[in-house]
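Sequential numbering from 0 applies to the sequence shown in numbering that gives the first Met the number 0. C-beta atoms are modelled at their ideal positions from N, C-alpha and C, and glycine is treated no differently. To keep things clear, I will list the structure first and then write my remarks on it.
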Amino acid sequence: MKESAEIPSFRRRDVIKTLVFSSAALGTGWPGRAVAASPELKFGKDGVHFLAVGDFGTGNAAQKQVAERMNEFAGKLGSPLAAVLALGDNFYNHLEPARFGPGFEEMYSKEHLDVPFYACLGNHDYGPSYDSKQGRAKADMQLEYAKANPTSRWKMPAKWYAEEFSAAGKPLVKIIYLDSNNFEGALTPQEKVDQKRWLEAELKKETKAKWTWVVSHYPVFSDTTKRKDNQGLIKSWGGYFQENPISLYLSGHDHNLQHLQVEGYQPSFLVSGGGGAKLYEITDTGRGFSRPILGFNHIHVNDERILVQLIDGDGNRMHAFEKSHKGDIKILKA
Ligand SMILES: [Fe+2]
Numbered sequence: 000m001k002e003s004a005e006i007p008s009f010r011r012r013d014v015i016k017t018l019v020f021s022s023a024a025l026g027t028g029w030p031g032r033a034v035a036a037s038p039e040l041k042f043g044k045d046g047v048h049f050l051a052v053g054d055f056g057t058g059n060a061a062q063k064q065v066a067e068r069m070n071e072f073a074g075k076l077g078s079p080l081a082a083v084l085a086l087g088d089n090f091y092n093h094l095e096p097a098r099f100g101p102g103f104e105e106m107y108s109k110e111h112l113d114v115p116f117y118a119c120l121g122n123h124d125y126g127p128s129y130d131s132k133q134g135r136a137k138a139d140m141q142l143e144y145a146k147a148n149p150t151s152r153w154k155m156p157a158k159w160y161a162e163e164f165s166a167a168g169k170p171l172v173k174i175i176y177l178d179s180n181n182f183e184g185a186l187t188p189q190e191k192v193d194q195k196r197w198l199e200a201e202l203k204k205e206t207k208a209k210w211t212w213v214v215s216h217y218p219v220f221s222d223t224t225k226r227k228d229n230q231g232l233i234k235s236w237g238g239y240f241q242e243n244p245i246s247l248y249l250s251g252h253d254h255n256l257q258h259l260q261v262e263g264y265q266p267s268f269l270v271s272g273g274g275g276a277k278l279y280e281i282t283d284t285g286r287g288f289s290r291p292i293l294g295f296n297h298i299h300v301n302d303e304r305i306l307v308q309l310i311d312g313d314g315n316r317m318h319a320f321e322k323s324h325k326g327d328i329k330i331l332k333a
């Protein structure tokens, strides 16, 4: 079926399912419970596996802890990982090229994490406000490191880009990476215009991939007490998430783990900002799961469904769900 013929019916169904899901979720109160359980590790040979982690660039013990849990998880997973989605704030504070070794290459063990890390830029990845002594922009340094070291796992081909992942030789998921750093000193006015034009063209482009996800640093919706929803992003990108069959929006920035379903919006909104920075408090808005915990996400996607597991810093599964093409959400037992 052509994409242009498929979208309208998909969109209607998805909005309806989201509404049904939202009211059901409020009734059962699933967001309020967080019971630790062992993650699912046994999967068939189909589909593609990813990990996602954000706000990890501290170099501290918490980053190390989460990095070790990610390596352990990948080691126990009976299937190969395709990639790690790195959700920004990759390096806090002063950045110099020598930090890529201890802060990335050695931090994330090649034992079981020998896969590309597709990264986007967070607010702390921009300078010179965060890197006044170096005289080189932190963002440029990360882009240059990827370019100069093509054999490194560090992948950042541009500030915004798209990658398709295939299973059994067929395109399965298209991931669109965006730069949501709209503050002074980050994206220039021209870059903002260019990115918007590129995104609109990318969303219109025909793809054989069955799923489309968007990755960026800032959450659109968030239960973080001191931040809440990002009204600027709702205004600039909200329409895209209402009108296009985007099934996941992955972000970091808020230092906690969240899965929110928001009425009228197609993606499941994931915040995976538990990579190692100081945690942020949550105010439960009844839209899903949110916890101030360290950790990362595991995502398995196949032709039929997406499975997402939120894993904490001790390796426990704190929340998990499946999502179908129609937008049905099934919360899995913790
Ligand atoms: Fe951030």
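So if DSSP puts residue i in a beta bridge, which residue, or which two residues, is it bridged to?
i, result
"T223", "I281"
"W212", "I174 and L247"
"S37", "According to DSSP, which records beta bridges pairwise, S37 is partnered with nothing at all."
"Q308", "H297 and A319"
"H48", "L80 and H299"
"H93", "Bridge partners of H93: none, in fact."
"K329", "E321"
"Y117", "L84 and K154"
"F288", "H258"
"K169", "A166"
Measuring only from the beta carbon, is residue i closer than 6 Å to any heavy atom that is part of ligand 1?
i, result
"D124", "no"
"H93", "no"
"H324", "no"
"D88", "yes"
"G121", "yes"
"H252", "yes"
Between which residues of its own chain and residue i is the CB-CB distance below 7 Å, once the five residues before and five after are set aside?
i, result
"I233", "V219"
"T284", "D222"
"H254", "D54, G272, G273, A276, K277, L278 and Y279"
"F103", "W153"
"A81", "V47, H48, F49, V114 and F164"
"K227", "S221"
"V261", "F220, F268 and R286"
"K322", "S246, S267, R304, I305 and I328"
In terms of residue numbering, what span does the alpha helix (DSSP H) encompassing residue i cover?
i, result
"R68", "A60 to K75"
"I298", "First-last for I298: G294 to V300, but that is the beta strand (DSSP E), not the alpha helix (DSSP H)."
"K195", "P188 to K203"
"A138", "K137 to A147"
Please list the terminal residues of the continuous beta strand (DSSP E) segment that includes residue i.
i, result
"A319", "R316 to S323"
"G238", "Looking at the DSSP string, G238 is not in any beta strand (DSSP E); the run it does join, the alpha helix (DSSP H), is Q230 to E242."
"V270", "S267 to S271"
"E162", "Y160 to A166"
Ordered along the chain, which non-local residues of its own chain (more than five positions away) have a Cβ less than 6 Å from that of residue i?
i, result
"L142", "M155"
"I245", "T211, V213, Q265 and P266"
"S128", "Only weak support exists for where S128 lies, its pLDDT of 48 falling under 50; the value from the coordinates is given anyway. Result list for S128: G184, in chain order."
"P170", "E163, K207 and A208"
"M106", "A66"
"I298", "F49 and V307"
"F358", "Given a span of 0 to 333 for the chain in the structure shown, any question on residue 358 remains unanswerable."
"Q64", "G312"
Would you mind sorting residue i into buried or exposed? The rule is 16 or more other CB atoms within 10 Å of its CB.
i, result
"F182", "exposed"
"K325", "exposed"
"Q265", "buried"
"T57", "buried"
"V114", "buried"
"S37", "exposed"
"N92", "exposed"
"R196", "exposed"
"N148", "exposed"
"V52", "buried"
"D139", "exposed"
"A60", "exposed"
"Q62", "buried"
"R316", "buried"
"Y158", "The residue asked about is misnamed: residue 158 is Lys in this sequence, not Tyr. Burial call: buried."
"D313", "exposed"
"V300", "buried"
"V270", "buried"
"K137", "buried"
"V34", "exposed"
"D124", "buried"
"G168", "exposed"
"A85", "buried"
Would residue i pass as an interface residue toward chain C - the criterion being a Cβ-Cβ separation below 7 Å?
i, result
"T284", "The structure shown contains no chain C, having only a single protein chain."
So, at 8 Å on beta carbons, what are the nonlocal neighbours of residue i in its own chain, with the 5 sequence-adjacent residues on each side left out?
i, result
"F320", "H258, S267, L306, V307, I328, K329, I330 and L331"
"A161", "K173, I174, I175, Y176 and E201"
"E110", "N70 and G74"
"G231", "N181"
"T224", "Y279, E280, I281 and T282"
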